[in-house]
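Q: Pasting a structure here, questions to come.
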Amino acid sequence: MVKAPCFDKDGIKKGAWSEEEDSKLRLYIERHGHRNWRELPKLAGLSRCGKSCRLRWMNYLRPNLRRGKFTKEEDDVILDLHKKLGSKWSVMAAQLPGRSDNEIKNHWHTHLKNHVRKDEIVSTNEQVGNSESGNHKGCPAKISDLEAQEEVGILLKVLSSGMPSSSTSEQPQHWLSDSSYAVSSNVKPHYFDSVKSFWTEPFLLDNDVVLSSSDDVFSPMFF
DNA sequence: AAGTGACACAACCGCGTGTGG
DNA sequence: TCCACACGCGGTTGTGTCACT
């Protein structure tokens, strides 16, 4: 399932991570955070590149990660966001507490992509004679980046208004919280109502875990 | 039991972007 | 303003597992 371990010309290890490497990385980040991924492997005593460490942490070792099957609600959210945003896996990950972008991406490619194709075939049959209407071949219609950001911004605003008020001032800046992405009242995330409870429950669980020194660990999920 | 193809997912690679000097 | 560096993201690959023949 994983790539066999090997070393490149610089002595950097590649491939599957061992238990020992995992615990070294976890231990180091829990104690010191990850201010500098490039230096981290050296300081943690790992023969890995920083990029590899970051990926391992984000997709596998990070606290709060929910592993296992995706729920129907999660599938719906992914499908809906993909329809609106396209391949913005990191944005989707921010909307799905406990899921990494890589996990969502894999899930999309293995499960949901075909699901969408079937839907498209059905809708194409229903709308006979409908011309290209600007869509890319085989892709659902996508809204512009700004529109996408606005839309997710609305969602976050609505969500945050119902969220515990803690820690908002401590959050790092990112585009989702940028006030320049003002909410326009004519756009409304239609999936929100149907999955309201889905948003709140995992969030509360996730808040139980407090990260040590680095509060920017996958921050978008913490409002 | 062996062969084979599909699936699942961890990990790598390359590029774009942000930031500091 | 330009450049170099670090980081993050999305696409893709590689390989173990499972189901089917």
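With my numbering applied, the first sequence covers 9 to 231. Backbone N, C-alpha and C fix where the C-beta goes; we use that ideal spot for every residue, glycine too. Just so you know, these numbers come straight off a predicted model, no measurement behind them.
(1) Here's the rule: buried if 16 or more other CB atoms are within 10 angstroms of the residue's CB, otherwise exposed. What is PRO105?
(2) Could you give the residue range of the alpha helix (DSSP H) that holds LEU87?
(3) Drop a sphere of 10 angstroms on the beta-carbon of GLY142, count the other beta-carbons inside from all chains shown, and report buried for 16 or more, exposed for fewer.
(4) Which two residues bound the contiguous alpha helix (DSSP H) that contains ASN110?
(5) Under 7 Å Cβ to Cβ from LEU54, same chain only, skipping five residues before and after it: list those, please.
(6) For the alpha helix (DSSP H) containing TRP97, name the first residue and the last one.
(7) If you count every other CB in all the chains shown that lies within 10 Å of the CB of SER168, and 16 or more means buried, which is it?
(8) Out of curiosity, what's the CA-to-CA distance linking HIS90 and GLU81?
(9) Quick check: the Cα distance between VAL85 and LYS50, rounded to an integer number of angstroms?
(10) Starting from TYR36, trace the alpha helix (DSSP H) in both directions and tell me its first and last residue.
(11) Take ASN67 and list the residues in its own chain whose beta-carbon comes closer than 6 Å to its own, dropping the five residues that flank it on each side.
(12) I need the straight-line Cα distance from LYS59 to ILE37, nearest angstrom please.
(13) Is LYS77 helix, strand or coil when you go by DSSP?
(14) Does the Cβ-Cβ distance between ILE112 and ALA101 come in under 8 Å?
(15) Let me check one thing: in DSSP terms, what residues is LYS22 bridge-paired to?
(16) What distance in whole Å lies between the Cβ atoms of ARG64 and LYS21, which are believed to be in contact at a cut-off of 8 Å?
(17) Could you give the DSSP three-state label for ARG62: helix, strand or coil?
(18) How would you write the range of the alpha helix (DSSP H) that PRO235 sits in, first residue to last?
(19) Given this structure, state the Cα-to-Cα distance separating ARG39 from ASN72, to the nearest angstrom.
(20) Can you grab the Cα-Cα spacing for the pair TRP97 / LEU120, in whole Å?
(21) Less than 7 Å between C-beta atoms, sequence neighbours within five positions excluded: which residues of the same chain meet that for TRP25?
(22) Put ASN44 into one of helix, strand or coil per three-state DSSP.
A: Reading it off the structure:
(1) buried
(2) 80-93
(3) Only weak support exists for where GLY142 lies, its pLDDT of 35 falling under 50; the value from the coordinates is given anyway. Exposed, by the Cβ-count rule.
(4) 109-115
(5) GLU29, LYS32, LEU33 and CYS61
(6) 97-103
(7) Per-residue confidence for SER168 stands at a pLDDT of 43, beneath the threshold of 50, marking its modelled position as unreliable; the derived number appears in the next sentence. Classification of SER168: exposed, given that the 10 Å Cβ count is below 16.
(8) 14 Å
(9) 39 Å
(10) 27-40
(11) SER108 and ASN110
(12) 14 Å
(13) coil
(14) yes
(15) CYS14
(16) At roughly 11 Å, the Cβ-Cβ gap does not stay under 8 Å, so LYS21 and ARG64 are not in contact.
(17) helix
(18) No statement about residue 235 is possible, as the shown extent of the chain runs from 9 to 231 and does not include it.
(19) 17 Å
(20) 13 Å
(21) ARG64
(22) coil
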